[in-house]
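So that you can map any letter, position 44 of the sequence shown is 679 in this note's numbering, and since no number is skipped, the others follow by simple counting. For each residue, glycine too, the CB sits at the ideal point set by N, CA and C. Predicted, not measured: the structure shown is a model, and the values here were computed from it.
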Amino acid sequence: MLASPGDLEEGDQRLSGLAADLLNGVSPPGELRLRYSGPRGDYLSFYDLDGHEAYFRYREDRFDRRSERKLRELIPGQAYLVRGSLTGLLTAEGVP
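Structural data, given as structure tokens:
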């Protein structure tokens with residue numbers, strides 16, 4: 636799921652661009668370079684250069700202790716190459 640840490644670059648795909656690409660019928664990329672934020676329930680939170688968040692499922696349920704060992708090496712704020720398949724996309728927009 637995660638590759639070695641690196642740094643985000645201006646040319647890296649943004650999550651807003653990913654949403655636009657999906658609406659236009661473009662296949663999602665197999666990997667994204669994002670910064671790690673922290674665990675949120677059964678998901679890990681990552682964000683891009685614009686501050687948009689993405690959540691990736693890392694464990695089956697709260698009793699999956701084997702997957703929690705993966706968290707020990709993750710550093711908040713560090714960029715990682717996140718790999719996985721897209722199962723859905725939620726977007727939130729403010730109402731004027």
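- Boundaries of the alpha helix (DSSP H) harbouring Ser-651: 650-658, taken from the DSSP string.
- In terms of Cα proximity to Phe-691, the closest of Gly-676, Leu-684 and Arg-700 is Gly-676.
- Judged by beta-carbon spacing, Tyr-715 lies within the 9 Å limit of Leu-669, meaning their Cβ atoms are closer than that value.
- Ranked by Cα distance from Leu-684, the options Leu-725, Gly-646 and Ala-727 are led by Gly-646.
- When DSSP states are grouped into helix, strand and coil, Glu-645 belongs to the coil group.
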